[in-house]
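Undergrad: The structure follows.
Residue numbers (this note's numbering), protein chains in the order written: chain C, 21 to 412; chain G, 2 to 202.
Here is the structure:
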């Protein structure tokens, strides 16, 4: 049978579910007695298990980062541009692990799952999480896969925060940390946007104080509105101008005609919101935005990011995008400055792009070159110990 | 960069020190300093291809326009701040030198000497802007906007009360090498200065 997928794709992939029965103590003080994580992997783990790369997803991401689930799939995984044979995260070199984080709604334990203690759906009762809880659950996953040390932990946006937390929590288990379009903490403006999104969800009559699944419904409008707000902030003014301008989808401004006018951008946003509302869980959205808001890399290090990064030992690559106003280049530069002051190895590039925050997901020649060059170094570091032991 | 500059420059960088290289290019100098002097080094660069080249080499590189200053770096946060052959492309070289001396305990600056006899001869005899081995550009496409001579640079150091710890002239041609010791302003193709703040004494 001919391969129906592009040559540089990881091809057909299938998620796996891992069950963890050892209780996980959460930073809120509560304990998850058991949980499941849904995981996809691409490439082969080498014999000394030194070539594993962990992909940390952003707010609405999941485990399906690359490849296709079925031949009919119209879209590959969310980071397929950068994960695959010969791509920046080259699956010919690396064993790539992508998971849906705890609290998610794509198969890992989260608000949509059953609470084994009550036999009911967790819903809004799901414990509030912090990024560090993700890190501990991901460390358990690494243990399960036999990975002592990640060749690299890579993430964009909220995923970048996840990656940085790894570097601080488990310094001896991360060799490289790639932080893309991220920040050490959200700005007030950022928190404000998240609160608007949460308010939109909670104001929906179908929200039922978080128990919408018991009422056999979902707060579709609220979730769609939350996504529309978010989506606008992930794009740049310039990009929206280029992509939609003031183009009309229907109607006309011709005098004497009263047909209702609809701009292309209205229709686009509505479509994005509706599609999102169909697949995403409202409680997960509330949970994830709170995780974002509460993250503060240096909080427990005397609010001093230099102190915080003094605990890391890995090498860092930090990337930002010129038109990203949600996680602006200035936020990335703060990470870089703290790393330099802490005497850590770091490289930094600001990629010219008009794609806004979403640029980290999209094709961009320079981004790809920088990312690829760095990951080649990671691959060389990975091979070096193996080559040395072969010589012995 | 000439091999000989590199050798001179390396002597002035202490083993295990913290180094910031402004306009680090493809990272060759930093790479050599890391290998030979075990420095903790960072390069600043704005050219995207050079940045990729640094990353390929495993050299720490930060995308940063030196013309914007060095606000991101604290006072005396580096042992040595180096700038090789970038002085002449800056909008305000004097301010950048101030910044280098603020951020670094010591600085090393290299620049092409516009007072070199060949440059002088070129302009005097041909009446055209000099195009030489060190300065291979035409007047209209050159990135070099602020030329100086060895004597100009000495004057700037005096004016700013900068302490010159070492100075060396560089030339690729053997006879010039001999003369440039006596008359650096005429025979040096380039100059290397090792600087610090006077109040450091």
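Using N, Cα and C, we set each Cβ at its ideal position, and we do this for glycine too. Quick caveat, the model's predicted, so the values are computed rather than measured.
1) Would you report the Cα separation of residue 86 of chain C and residue 280 of chain C, rounded to the nearest angstrom?
2) Please list the partners that residue 78 of chain G has in chain C, where partner means a Cβ-to-Cβ separation under 7 Å.
3) Output needed for residue 406 of chain C: all residues of its chain with C-beta closer than 8 Å, excluding positions within five of it in sequence on either side, in chain order.
4) Give me the subset of the stretch 50-69 of chain G whose CB atoms are less than 9 Å from a CB atom of chain C, sorted by chain position.
5) Any Cβ of chain G within less than 8 Å of the Cβ of residue 302 of chain C?
6) 8 Å is my cut-off, CB to CB: does residue 295 of chain C come that close to chain G?
7) At the 8 Å Cβ level, is residue 407 of chain C part of the contact set with chain G, yes or no?
8) Given 8 Å as the limit, is there contact between the stretch 348-357 of chain C and the stretch 190-207 of chain C, that is, 3 or more CB pairs closer than that?
9) Leaving out the 5 sequence neighbours to the left and right, which residues in its chain are closer than 6 Å to residue 179 of chain C when beta-carbon positions are compared?
10) Output yes if chain G places a C-beta closer than 8 Å to the C-beta of residue 368 of chain C; else output no.
11) Between residue 395 of chain C and residue 120 of chain C, what straight-line distance do the alpha-carbon atoms span, to the nearest angstrom?
12) For a quick check, are the C-beta atoms of residue 193 of chain C and residue 168 of chain C less than 8 Å apart?
13) Could you tell me whether any Cβ in chain C is nearer than 8 Å to the Cβ of residue 43 of chain G?
14) At a cut of 8 Å, does the stretch 227-236 of chain C reach the stretch 139-150 of chain C through at least three beta carbon pairs?
15) Go to residue 186 of chain G, then tell me how far its alpha helix (DSSP H) extends in each direction, as first and last residue.
16) Which of helix, strand or coil does DSSP assign to residue 210 of chain C?
17) With a cut-off of 8 Å, does the C-beta of residue 1 of chain C fall near any C-beta of chain G?
18) In the stretch 180-210 of chain C, which residues sit with their C-beta less than 9 Å from some C-beta in chain G, listed in chain order?
19) When you compare only the Cα positions, how much space is there between residue 141 of chain G and residue 82 of chain C?
20) Listed in chain order, which residues of the stretch 365-396 of chain C have Cβ atoms closer than 8 Å to some Cβ of chain G?
21) Entirely within the stretch 141-174 of chain C and at least 4 residues each: give me those alpha helix (DSSP H) ranges in chain order.
22) State the CB to CB distance for the pair residue 52 of chain G and residue 40 of chain G, rounded to an integer number of angstroms; the pair is presumed to be in contact (CB under 8 Å).
23) Could you work out which residues of chain C lie near residue 75 of chain G, taking near to mean beta carbons separated by less than 8 Å?
24) So, helix, strand or coil for residue 55 of chain G, using DSSP?
25) So, using beta-carbon positions, are residue 46 of chain G and residue 69 of chain G closer together than 8 Å?
26) Just tell me which of C:109, C:31, C:45, C:98 has its CA closest to the CA of residue 389 of chain C.
27) So, helix, strand or coil for residue 17 of chain G, using DSSP?
28) Beta-carbon of residue 73 of chain C versus every beta-carbon of chain G: anything under 8 Å?
29) Grab me the residues of residue 28 of chain G's own chain with a C-beta within less than 7 Å of its C-beta, minus the 5 sequence neighbours each way, in chain order.
30) Could you confirm whether any beta carbon from chain G is found closer than 8 Å to the beta carbon of residue 247 of chain C?
31) Going by DSSP in three states, residue 158 of chain G sits in which element: helix, strand or coil?
32) Excluding the 5 residues preceding and the 5 following residue 96 of chain C in the sequence, name in chain order all residues of the same chain whose CB lies nearer than 7 Å to its CB.
33) Give every residue of the same chain whose Cβ lies closer than 7 Å to the Cβ of residue 60 of chain C, excluding the five residues on either side of it in the sequence, and list them in chain order.
34) Grab the span of the beta strand (DSSP E) containing residue 269 of chain C for me, first residue to last.
35) How long is the line joining the alpha carbons of residue 267 of chain C and residue 327 of chain C, rounded to whole angstroms?
36) Which residues in the same chain have their Cβ closer than 7 Å to the Cβ of residue 224 of chain C, if we skip the five residues on either side of it in sequence?
TA: Based on what the coordinates show:
1) 41 Å
2) 361
3) Its pLDDT being 48, under 50, residue 406 of chain C is placed unreliably by the model, and nothing is read from it.
4) For the stretch 50-69 of chain G, which is checked against every Cβ of chain C, the residues closer than 9 Å are 50, 52, 53, 54, 55, 56, 57, 58, 59, 60, 61, 62, 63, 64, 65.
5) no
6) no
7) Because residue 407 of chain C carries a pLDDT of 48, less than 50, the predicted location of this residue cannot be relied on, and the following value inherits that uncertainty. Cβ-Cβ to chain G under 8 Å: no for residue 407 of chain C.
8) yes
9) 76, 77, 78
10) Residue 368 of chain C has a beta carbon lying within less than 8 Å of a beta carbon in chain G.
11) 23 Å
12) If you check the CB distance, residue 193 of chain C and residue 168 of chain C come in under 8 Å.
13) yes
14) yes
15) 185-188
16) helix
17) What is shown of chain C runs 21 to 412, which leaves residue 1 of chain C out entirely.
18) none
19) 53 Å
20) From the stretch 365-396 of chain C, only 365, 366, 367, 368, 369, 370, 386, 389, 390, 393, 394, 396 have a Cβ closer than 8 Å to chain G.
21) For the stretch 141-174 of chain C, the continuous alpha helix (DSSP H) assignments of 4+ residues that do not extend past its boundaries occur at 151-165, in sequence order.
22) Not a contact, Cβ separation roughly 19 Å.
23) 361
24) helix
25) No.
26) C:109
27) coil
28) no
29) 44, 54, 55, 58, 60, 62
30) no
31) helix
32) 29, 86, 87, 88
33) 33, 35, 83, 84, 85, 118
34) 268-270
35) 51 Å
36) Taken in chain order, the residues that qualify are 239, 241, 242.
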